[in-house]
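**Q** Can you keep this structure in mind? I'll have questions shortly.
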Amino acid sequence: MALDKGLTATLVTMDVQGAFDSVLRNRLIVRLRQQGWPHSLTRLIFHFASNRTARVRLEDATTEDFPLACGLPQGSPLSPILFLLYIADILAEDPRLRSGYADDIGLLAMGPSLESNAAILGQEITRILDWGAENKVAFDHNKSEAIHFTRKHKQQRDLPGIKAGELEIQASIVPIRWLGVWFDKRLSFRHHVETKLAAAKKAAQHLRHLTNTKGGLPAAAVRKAVISCVLPIALYGAETWYGGMTKPASGRTTDTGRNLIPQTGSVSTG
Numbered sequence: 001m002a003l004d005k006g007l008t009a010t011l012v013t014m015d016v017q018g019a020f021d022s023v024l025r026n027r028l029i030v031r032l033r034q035q036g037w038p039h040s041l042t043r044l045i046f047h048f049a050s051n052r053t054a055r056v057r058l059e060d061a062t063t064e065d066f067p068l069a070c071g072l073p074q075g076s077p078l079s080p081i082l083f084l085l086y087i088a089d090i091l092a093e094d095p096r097l098r099s100g101y102a103d104d105i106g107l108l109a110m111g112p113s114l115e116s117n118a119a120i121l122g123q124e125i126t127r128i129l130d131w132g133a134e135n136k137v138a139f140d141h142n143k144s145e146a147i148h149f150t151r152k153h154k155q156q157r158d159l160p161g162i163k164a165g166e167l168e169i170q171a172s173i174v175p176i177r178w179l180g181v182w183f184d185k186r187l188s189f190r191h192h193v194e195t196k197l198a199a200a201k202k203a204a205q206h207l208r209h210l211t212n213t214k215g216g217l218p219a220a221a222v223r224k225a226v227i228s229c230v231l232p233i234a235l236y237g238a239e240t241w242y243g244g245m246t247k248p249a250s251g252r253t254t255d256t257g258r259n260l261i262p263q264t265g266s267v268s269t270g
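Mapping the sequence shown onto the UniProt record's numbering, position 191 (from 1) lands on 191, and the numbers just tick up by one.
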C-alpha cells in the first residue's frame, strides 16, 4: 500500500455525460470488430441498437414515437456491458492509472508528492478529454472530483488542484464517493462504514414492524430478509477496507475493522 511506504496517492473521478445516450451504433460495431468479437455477435448487437424509438409522456399526454439516431436502451442489462466495450480504449491505454465501471471512470496516481500526482493526472485527463472529443463522448465536469491520500501532515494542508487545459478540479477535504464507496483522505474508511451501517440499521428498523410476536413473520423469513436486504447494505464495499480476521487490513483500516465490524452483527438485533 502506497501510504504504508511513505508515498502519497491521488484519486480523480470522472463521469461520462449522457453515457448510454451517446453511443453511436456504427462506431460501436467497429469497436466490437476491432476487439475480435464474433461476426454473429456483432450482427446481433447491430440489430439490438437499430430501429430504436422513444416517446415523451407528460401527465396524461403522450407524443408519437420518434426514431433515435444513437444511444442504448436504459434499463437493459446489456447496455452497461456494451458501453464499457464502447469506451474500452480509455481504460486499456493505461490500466495502471485508469479503471472504471459503466459511466464512472477513476484515475489513481501514486508518487512521492501530491504535486507529482497532480501533474500526472492532469496529463491523463487531457488525453481522456481529447479521446472524448474525437469520439463524441462528453464528460460532465461538474461531477469530476479529486481527493489526495497522504499521512504527511504538512501535505494535508497544501492540497494542489488538478489542471487539464481549462479544466481545474479542486481537491476535496471531505470524503468523496466513487462506485458507492466513500474514500477519505487518510483511507480509514470510517465515514464509509458509518454511512453504510446507518443505512442498514434504517432498513432493519422497517423489518421490525413486520416481526411482532403475535402476527409477525416467521423467524426463518425474518432471517432470510436480514441476510438478503440488510447485511448487503452494511457490507457493501467491505472488500476495499476489510482484510479479514486473520489478515486485517494494514494501517488505519485495521482500526476501522476492529471498532466497527462488531456493529454489523447488531444491525438486525438493535
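C-beta atoms are modelled at their ideal positions from N, C-alpha and C, and glycine is treated no differently.
Report all residues from its chain with a CB closer than 7 angstroms to the CB of F139; omit the five preceding and five following residues, and keep chain order.
**A** Walking along the sequence shown from the start, residue 139 turns up at place 139. Excluding residues within five positions, the ones whose Cβ falls inside 7 angstroms are M14, D15, V16, Q17, L129 and G132.
**Q** Excluding five sequence neighbours on each side, which residues of the same chain lie with their C-beta closer than 7 angstroms to the C-beta of F20?
**A** Here residue 20 refers to the residue found at position 20 of the sequence shown. Contacts found: G71, L72, Q74, S79 and F83.
**Q** Looking at the structure shown, is S99 part of a helix, part of a strand, or coil, going by DSSP?
**A** In the sequence shown, the residue the question calls residue 99 occupies position 99. Residue state, collapsed to three classes: strand.
**Q** Decide if I81 is buried, meaning its Cβ has at least 16 other Cβ atoms within 10 Å, or exposed.
**A** Walking along the sequence shown from the start, residue 81 turns up at place 81. When all chains shown are included, I81 counts as exposed.
**Q** Are the beta-carbon atoms belonging to T8 and G111 less than 8 angstroms from one another?
**A** The residue you call residue 8 lines up with position 8 of the sequence shown. The residue you call residue 111 lines up with position 111 of the sequence shown. Yes; because the gap between Cβ atoms is below 8 angstroms, this pair is in contact.
**Q** In or out: V267 buried (at least 16 other Cβ within 10 Å) or exposed?
**A** Working through the sequence shown from its first residue, we reach residue 267 at position 267. Note that V267 has pLDDT 49, beneath the 50 cutoff, so the model's placement of it is unreliable and the number below is only indicative. So V267 ends up on the buried side.
**Q** Among residues of its own chain, excluding the 5 on either side of T269, which ones have a beta-carbon nearer than 6 angstroms to its beta-carbon?
**A** For the purposes of this step, residue 269 is identified with residue 269 of the sequence shown, where counting begins at 1. Unreliable positioning characterises T269 in this predicted model, as indicated by a pLDDT of 49, which lies under 50. A coordinate reading is not provided.
**Q** So, is N219 buried or exposed, given that buried needs 16 or more other C-beta atoms within 10 angstroms?
**A** As a working note, residue 219 is residue 219 in the sequence shown. This sequence places Ala at residue 219; Asn is not what is there. That one is exposed.
**Q** Report the residue from R208, A92, F183 and L68 whose alpha carbon sits nearest the alpha carbon of Q35.
**A** To locate residue 35, count along the sequence shown from 1; it is residue 35. Closest option to Q35, Cα to Cα, is A92.
**Q** Please confirm if the stretch 44-62 is in contact with the stretch 183-194, defined as three or more CB-CB distances below 8 angstroms between the two stretches.
**A** no
**Q** Answer yes or no: do residue 273 and L114 have a C-beta to C-beta separation smaller than 8 angstroms?
**A** No answer is possible for residue 273: it lies beyond the span of the chain, which begins at 1 and ends at 270.
**Q** Would you kindly check if the distance between the Cβ of S116 and the Cβ of E145 is under 8 angstroms?
**A** Locating residue 145 in the sequence shown gives position 145, where the first residue counts as 1. Locating residue 116 in the sequence shown gives position 116, where the first residue counts as 1. No, these two residues do not count as a Cβ contact at 8 angstroms.
**Q** Would you identify the three-state DSSP class for F183, choosing helix, strand or coil?
**A** On the sequence shown, position 183 is the one that residue 183 refers to. Residue state, collapsed to three classes: strand.
**Q** For a test of the three-state rule: what should DSSP assign to K152, helix, strand or coil?
**A** Walking along the sequence shown from the start, residue 152 turns up at place 152. The answer is coil: DSSP assigns K152 none of H, G, I, E or B.
**Q** Please give the ranges of any alpha helix (DSSP H) in the stretch 40-125, keeping only runs that are unbroken, at least 4 residues long and fully inside the region.
**A** 78-86 and 88-93
**Q** Who are the near neighbours of D158 in its chain, counting only those whose CB is closer than 7 angstroms to its CB and skipping five residues on each side?
**A** Counted from its first residue, the sequence shown places residue 158 at position 158. Closer than 7 angstroms at the Cβ level, and outside the excluded window around D158, lies no residue.
**Q** Does the Cβ of P77 have 16 or more other Cβ atoms within 10 Å, making it buried, or fewer, making it exposed?
**A** The residue labelled residue 77 in the question sits at position 77 within the sequence shown. So P77 ends up on the exposed side.
**Q** For the stretch 161-172 against the stretch 197-207, do three or more pairs of beta-carbon atoms, one drawn from each stretch, fall closer than 8 angstroms, so that the two count as touching?
**A** no
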